[in-house]
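This report concerns only the one structure given below.
2 protein chains.
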Amino acid sequence: MPRRIVIVGNGSAGASIAFSARKNDRTAEITVLERFPYPTYSKCALPFVIEGTIDSFQTITVFSHEFYRSQKINLINGATVTRVVPDEKKVIYKDAGGEKALAYDALALTLGGWPRVPKMPGCDLDGVFTLRTIGDGERILAAVRNAKRAVVNGASFIGLEVAEAFVRRGLETTIVVRSRMLRTMIDADFSRELQEHMIRHNCKVVQGKTVDAVVGAGGKVKAAVVGGEEIPTDLVAMCTGVAPVIDIAKEAGVEIGSTGGMVVDRTMRTRVPDIYTGGDCAEDRFGLMGFPFISLLGTVATRQGVVAGMNMVGVHAYAPRFYNSAIMKLFGLQIGSVGLTTDLAQEHGLKPESIKVMHSTLPHYYPGGKPIAVKLLAHPETRKLVGAQVMAEETVPETINTLALAIERGMTAAELSMADFCYAPPCADIWAPAAVAAQGLDRKFAAKARRKA
Amino acid sequence: MPRRIVIVGNGSAGASIAFSARKNDRTAEITVLERFPYPTYSKCALPFVIEGTIDSFQTITVFSHEFYRSQKINLINGATVTRVVPDEKKVIYKDAGGEKALAYDALALTLGGWPRVPKMPGCDLDGVFTLRTIGDGERILAAVRNAKRAVVNGASFIGLEVAEAFVRRGLETTIVVRSRMLRTMIDADFSRELQEHMIRHNCKVVQGKTVDAVVGAGGKVKAAVVGGEEIPTDLVAMCTGVAPVIDIAKEAGVEIGSTGGMVVDRTMRTRVPDIYTGGDCAEDRFGLMGFPFISLLGTVATRQGVVAGMNMVGVHAYAPRFYNSAIMKLFGLQIGSVGLTTDLAQEHGLKPESIKVMHSTLPHYYPGGKPIAVKLLAHPETRKLVGAQVMAEETVPETINTLALAIERGMTAAELSMADFCYAPPCADIWAPAAVAAQGLDRKFAAKARRKA
Chain A
336 MPRRIVIVGN
346 GSAGASIAFS
356 ARKNDRTAEI
366 TVLERFPYPT
376 YSKCALPFVI
386 EGTIDSFQTI
396 TVFSHEFYRS
406 QKINLINGAT
416 VTRVVPDEKK
426 VIYKDAGGEK
436 ALAYDALALT
446 LGGWPRVPKM
456 PGCDLDGVFT
466 LRTIGDGERI
476 LAAVRNAKRA
486 VVNGASFIGL
496 EVAEAFVRRG
506 LETTIVVRSR
516 MLRTMIDADF
526 SRELQEHMIR
536 HNCKVVQGKT
546 VDAVVGAGGK
556 VKAAVVGGEE
566 IPTDLVAMCT
576 GVAPVIDIAK
586 EAGVEIGSTG
596 GMVVDRTMRT
606 RVPDIYTGGD
616 CAEDRFGLMG
626 FPFISLLGTV
636 ATRQGVVAGM
646 NMVGVHAYAP
656 RFYNSAIMKL
666 FGLQIGSVGL
676 TTDLAQEHGL
686 KPESIKVMHS
696 TLPHYYPGGK
706 PIAVKLLAHP
716 ETRKLVGAQV
726 MAEETVPETI
736 NTLALAIERG
746 MTAAELSMAD
756 FCYAPPCADI
766 WAPAAVAAQG
776 LDRKFAAKAR
786 RKA
Chain B
336 MPRRIVIVGN
346 GSAGASIAFS
356 ARKNDRTAEI
366 TVLERFPYPT
376 YSKCALPFVI
386 EGTIDSFQTI
396 TVFSHEFYRS
406 QKINLINGAT
416 VTRVVPDEKK
426 VIYKDAGGEK
436 ALAYDALALT
446 LGGWPRVPKM
456 PGCDLDGVFT
466 LRTIGDGERI
476 LAAVRNAKRA
486 VVNGASFIGL
496 EVAEAFVRRG
506 LETTIVVRSR
516 MLRTMIDADF
526 SRELQEHMIR
536 HNCKVVQGKT
546 VDAVVGAGGK
556 VKAAVVGGEE
566 IPTDLVAMCT
576 GVAPVIDIAK
586 EAGVEIGSTG
596 GMVVDRTMRT
606 RVPDIYTGGD
616 CAEDRFGLMG
626 FPFISLLGTV
636 ATRQGVVAGM
646 NMVGVHAYAP
656 RFYNSAIMKL
666 FGLQIGSVGL
676 TTDLAQEHGL
686 KPESIKVMHS
696 TLPHYYPGGK
706 PIAVKLLAHP
716 ETRKLVGAQV
726 MAEETVPETI
736 NTLALAIERG
746 MTAAELSMAD
756 FCYAPPCADI
766 WAPAAVAAQG
776 LDRKFAAKAR
786 RKA
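As you go down the protein sequences, you meet chains A and B in turn.
According to this note's numbering, the first sequence holds residues 336 to 788 in order.
According to this note's numbering, the second sequence holds residues 336 to 788 in order.
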């Protein structure tokens, strides 16, 4: 009898599981239950459709309904799972046809994350948005066309990308930043530079505050209340983080960890037999130091999904460790990060040694090089790299990838400083910026050792 | 008494040694003997001055005479070393003031490479050039201004860059390629694509032949003879490789290896006590398989120099292994390579498994992505990566650096395929091109294993 694989959710993790299961089991019956009407699309691309850089929400489809069919995967849209019965190994869901039960041999609950919006007066006014689905994107895009002003509450990835989209759409845009920009991704010095960059590109920024209430007139947003003051606006985007969706998992007995996500082992299985997960609702462990962590990154969800899908059809595999390699681009500036930030390290009891250097993406004698900032963090005792942040107009994504391997492979600052990186005048300087930073960090270690001696 | 350090040659290796020695020994007496009148400059940048992208030969200075002075390093230009007397630990050189002797505690013979020009009729005609020094560059630049046609003999790094420079200067340019373009750097499939690219950018290409003779009139070049046919031309650039300069080293008893370079140990010492070397005249060992190899790369020379300089002042260090990470840009196309090529592997008895994939530098749904070709080579048994070649208009240098670390750290195709690479729609696809290639290679290995089973 063919194996029955059921997956709840068709996001990055769910879709990866489905196609990985199919690749590893030609005969399995694979069903994906998805409450929204969409095929699998890139959530990360939503801000760029609002911005207008990508022409439509159809364009960002990653796996079409046709592709699901071609892979003989039964994607059922409009199906809301109400209950999992692990003892009977079945899932109860509702769709247009009423309540149905579906038996599984292996089940994946990739329920994703959901915008965490602080309860506040005016939250349900017309013009208050979150951005998680194509539907949200369509509503924001419609609102943008008739708006003159916008307030973005929160300076996470999505908050900053949405702010840029609003500015590019001609809206007078204010970002309300509670602590600092991209706090979970970069250190305070990079946050400051990024904030100056956003201000130079016509974002207004209110720092150290948050939107406490939204006031309206005739059911429509009129202003955001920030620290007692009203900022007049036509729309408010709530970008204050994402919470893992765990409701039906918890009811089914899945263990929930300290981060609020479902606890998994290295095969992406939850604590309940035959129930797997991955993505924004899965509590995995950070590749360094091993503390519980939800990455919220599509890359991590996708790789977790590949592994979960293999294990669900009996092909044993372990999820690769993740180091939170992340990149974004704001008004032409690429900001990348991998590994621990200083804050995250210190939260977990590690005080890293660090250095920040300014270099150029090309040699000084070749025209057109762009300034590049590289920050490296290393373990104070082992000197192994534990984190990196890079900011420049170009070369950042691949530099982050290089540094991700350096961190994953446990390289020290000294080792990275002498790595065999390439050079040619029109392409790269004789010492890569990452190597220059590593040299500086190694010198810092040497000076420290001399002071001790 | 301060240590006496003498370095012959102020190129990448020699200069690196000098500054590394100074960094590690504040009191050493450091003397650099250099036969040419220049400070340390970027040899790799010469074609771009000829091209006009860099405005002058002064611009490509890397370490000025002032910088040498500030570091209390005595750079003596116009000094030709005629003899080394290891038993007396002294160097005999000639400069404007006549013959002089200089005593050393440690000596570096960084004699570099010199263009290897096949003996042929017409070789000394006015209009026949090699490109190795600023003087060569100045002569070529002067000739270019009065020329209409050029022939480049050889399709190495320098040959192709010079050809591009000639085309951009408006010369009708023919490249004569004996075997194939960049044969030591890339595989035949990449060579073919590169050749088509060069032809699309107005280079004429004659393949499978070489310049056999140059004919002239009134002492000036009139034509290059290629396979019995005359190609009319105003100048001929001989770019047929570089030979290590070893004359005075050999006379001093330094062991010369199978490559023609000076044999060194991991400290960059030759077989003669207290004599070190590095760069284009040093026979080091390839980071993979360990066969004798001269890399001819400025990056390798520089890193060897850092290490030689340390050892020369008594700070023990080993040269890092090199994998020949190389990058170049021709008419907007970046071509990168690291590790073994298929030819080089096979020369040394290894038949690598390989894959070539086409991908995009951005996700399909985000505008502006460029096609990128990634070829990966892996050991057929261990599945560890042993080589990589990448070609695209962007992202190649840092992708090569990433792959250099993957190779250096002994990663398998499977490991690379799941590495924590970053993603964002305007920056990079959810699976990096290198990871996509690694997936394909891993599938190839799996299919092979299934066929065997």
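All C-beta atoms, glycine included, are put in the ideal place defined by N, C-alpha and C.
According to DSSP, which residues form a beta bridge with residue i?
i, result
"A/ASP430", "A/GLY433"
"B/MET618", "The question names Met, but residue 618 of chain B in the sequence shown is Glu. Bridge partners of B/GLU618: B/VAL598."
"A/TRP449", "A/ALA578"
"A/THR747", "A/LYS719"
"A/ILE610", "A/LEU442"
"B/PRO768", "According to DSSP, B/PRO768 bridges with nothing at all."
"B/TYR701", "Note: B/TYR701 sits in no beta bridge, so no partner."
"A/LEU738", "Looking at the DSSP assignment, A/LEU738 forms no beta bridge with any residue, so it has no partner."
"A/PRO567", "A/ALA558"
"A/LYS425", "A/VAL420 and A/ALA438"
"B/VAL731", "B/VAL731 is not bridged to any residue."
"B/ILE342", "B/VAL367 and B/ALA443"
For residue i, report the span of its beta strand (DSSP E) as first-last.
i, result
"A/GLN724", "720–727"
"A/GLU688", "688–695"
"A/PHE398", "396–398"
"A/LEU381", "Taken as a continuous stretch (DSSP letters only), A/LEU381 belongs to no beta strand (DSSP E), being part of the alpha helix (DSSP H) at 381–386."
"B/ALA572", "570–573"
So for residue i, helix, strand or coil by DSSP?
i, result
"A/SER391", "coil"
"A/PRO337", "coil"
"B/ASP461", "strand"
"B/LYS789", "There is simply no residue 789 of chain B to check, as chain B begins at 336 and stops at 788 in what is shown."
"A/ALA831", "The question about residue 831 of chain A has no answer, for chain A in this structure spans 336 to 788."
"B/ILE591", "strand"
"B/GLU369", "strand"
"B/ALA708", "strand"
"A/THR417", "strand"
"B/ARG604", "strand"
"B/LEU476", "helix"
"B/LEU685", "coil"
"B/LEU410", "strand"
"B/TYR403", "helix"
"B/ALA759", "strand"
"A/ALA297", "Given that chain A is displayed from residue 336 to residue 788, the structure contains no residue 297 of chain A and the question cannot be resolved."
Quick one: give me the first and last residue of the alpha helix (DSSP H) that residue i is part of.
i, result
"B/LYS803", "Outside the shown range of chain B, which is 336 to 788, sits residue 803 of chain B, and nothing can be said about it."
Identify, in the order they occur along the chain, each residue of the same chain with its Cβ nearer than 8 Å to the Cβ of residue i, setting aside the five sequence neighbours on each side.
i, result
"B/VAL648", "ARG338, ILE340, ALA356, ASN359, ASP360, ALA363 and ALA441"
"B/TYR701", "PRO760 and PRO761"
"B/THR508", "ARG484, ALA485, VAL486, VAL487, ALA498, PHE501, VAL502, ASN537, CYS538 and LYS539"
"A/ILE581", "LEU446, VAL589, ILE591, GLY595, GLY596, MET597 and CYS616"
"A/HIS323", "The question about residue 323 of chain A has no answer, for chain A in this structure spans 336 to 788."
"B/ALA431", "GLY413"
"A/LEU631", "GLY448, VAL577 and ASP615"
"A/ALA770", "LEU751, SER752, MET753, ALA754 and PHE756"
Ordered along the chain, which non-local residues of its own chain (more than five positions away) have a Cβ less than 6 Å from that of residue i?
i, result
"A/THR634", "none"
"A/ILE510", "VAL487, ALA490, ALA498, CYS538 and VAL540"
"A/GLY562", "LYS544"
"B/ARG504", "VAL479"
"A/GLY622", "ARG656, PHE657 and TYR658"
"B/GLY704", "SER695, THR696 and LEU697"
"A/GLU565", "ALA558"
"A/VAL419", "VAL426, ILE583 and ALA587"
"B/ASP764", "PRO698"
Leaving out the 5 sequence neighbours to the left and right, which residues in its chain are closer than 7 Å to residue i when beta-carbon positions are compared?
i, result
"A/ALA739", "TYR658, SER660 and VAL673"
"A/LEU668", "HIS532, MET726 and GLU728"
Inset, instruction - Let me know the beta strand (DSSP E) ranges lying completely inside the segment 481–564 of chain B, each 3 residues or longer, listed in chain order. - result: Complete beta strand (DSSP E) runs here, min 3: 484–488, 507–512, 538–542, 546–552 and 555–561.
Legend entry - Length-filtered (3 minimum) beta strand (DSSP E) runs lying within the segment 616–679 of chain B: Taken in chain order, the unbroken stretches of beta strand (DSSP E) that lie wholly in the segment 616–679 of chain B and span 3 residues or more are 617–620, 661–665 and 668–674.
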